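Trainee: I have a structure here, written as structure tokens, and I will follow up with some questions on it.
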Amino acid sequence: DSGVTQTPKHLITATGQRVTLRCSPRSGDLSVYWYQQSLDQGLQFLIQYYNGEERAKGNILERFSAQQFPDLHSELNLSSLELGDSALYFCASSVGRGTGAKNIQYFGAGTRLSVL
Amino acid sequence: AQSVTQLGSHVSVSEGALVLLRCNYSSSVPPYLFWYVQYPNQGLQLLLKYTSAATLVKGINGFEAEFKKSETSFHLTKPSAHMSDAAEYFCAVSHTGTASKLTFGTGTRLQVTL
């Protein structure tokens, strides 16, 4: 168990809908990262938050947004869903905000999103 | 931009045989390199990491990897495969600077046969 909790485990929804994925980081970790894993794109970094502030942005669509709350949990909001958004969404957490020997990312089990 | 390339999307070995999963990196600055494993229906688990302290890195479950700057490689090896090693393995590079996002390779699925 990595200590990173993601809910829900599975989500089935229809095109055009909006969903929210939730992530609770490991105790003491200040950074939260979101990744998308799909068959055609592989594992791609979406966005990073550190202590409530956006830190880095990757290949995140404008229809997607995220935030990190004062208690450090994070939510990834996906709107106007399309079939191609079906994927496994991972959250990871780490102690710090940058690179370094101790800034290891620990991954949750993921949320599997199916858009029908 | 930093990137990693994993050669071979599928590797099959017999139980007890050597496991060799290949990863080559591209980076203009000394990288941090990682190997993660993903078991079916699970998240990614860190196997080992290279952070410039030692070129031969030992990880969990008997895996190790050697950083070779001259070959820009970070191949993952295990002397003797077990059935429980069957999983997908990802090589990743960490961006330097203030952000620490991981850039992953496309993954190698390891099959272990009797």
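As they're listed, the protein sequences go chains H and C. At position 49 of the first sequence (counting the first as 1) the number is 236 in this note's numbering, and the numbers step up by one without a gap. At position 84 of the second sequence (counting the first as 1) the number is 92 in this note's numbering, and the numbers step up by one without a gap. Even for Gly, the Cβ is constructed at its ideal location relative to N, Cα and C. Quick caveat, the model's predicted, so the values are computed rather than measured.
Nearest chain C C-beta to I247(H) closer than 9 angstroms, yes or no?
Mentor: Not one chain C Cβ lies under 9 angstroms of I247(H).
Trainee: Kindly indicate if chain C contains any beta-carbon less than 9 angstroms away from that of I291(H).
Mentor: True, the Cβ-Cβ gap to chain C drops below 9 angstroms.
Trainee: In angstroms, rounded to a whole number, what distance separates the CA positions of V21(C) and F232(H)?
Mentor: So the two alpha carbons sit approximately 31 angstroms from each other.
Trainee: Mark F256(H) as exposed unless 16 or more other C-beta atoms lie within 10 angstroms of its C-beta, in which case mark it buried.
Mentor: Classification for F256(H): exposed.
Trainee: Am I right that L300(H) and V206(H) are in contact with their C-beta atoms under 8 angstroms? What's the rounded C-beta distance?
Mentor: Their Cβ separation, rounded to whole angstroms, is 7 angstroms, which keeps L300(H) and V206(H) in contact under 8 angstroms.
Trainee: Where does L248(H) fall in DSSP's three states?
Mentor: The answer is coil: DSSP assigns L248(H) none of H, G, I, E or B.
Trainee: Quick one: is G24(C) buried, meaning 16 or more other Cβ sit within 10 Å of its Cβ, or exposed?
Mentor: Its Cβ having fewer than 16 others within 10 Å, G24(C) is exposed.
Trainee: Please list the terminal residues of the continuous beta strand (DSSP E) segment that includes A279(H).
Mentor: Where A279(H) is concerned, the enclosing beta strand (DSSP E) stretches over A274 to S281.
Trainee: Would you call the CB atoms of A94(C) and C31(C) closer than 9 angstroms?
Mentor: No, the Cβ-Cβ distance between A94(C) and C31(C) is not below 9 angstroms.
Trainee: Within 8 angstroms, do at least three Cβ pairs link the segment 218–226 of chain H to the segment 80–92 of chain C?
Mentor: No, because fewer than three Cβ pairs between the segment 80–92 of chain C and the segment 218–226 of chain H fall closer than 8 angstroms, the two stretches do not touch.
Trainee: Around the C-beta of S214(H), are 16 or more other C-beta atoms found within 10 angstroms, so that it is buried, or is it exposed?
Mentor: It is exposed - the Cβ of S214(H) has fewer than 16 other Cβ atoms within 10 Å.
Trainee: Short of 8 angstroms Cβ to Cβ, which residues in the segment 15–36 of chain C face chain H?
Mentor: Against chain H - using a Cβ distance shorter than 8 angstroms - the segment 15–36 of chain C contributes no residues.
Trainee: Can you tell me whether DSSP reads G67(C) as helix, strand or coil?
Mentor: Correct three-state label for G67(C): coil.
Trainee: Can you tell which of S211(H), C278(H) and G203(H) has the C-alpha that lies nearest to the C-alpha of L268(H)?
Mentor: Checked all of S211(H), C278(H) and G203(H); the closest Cα to L268(H) is G203(H).
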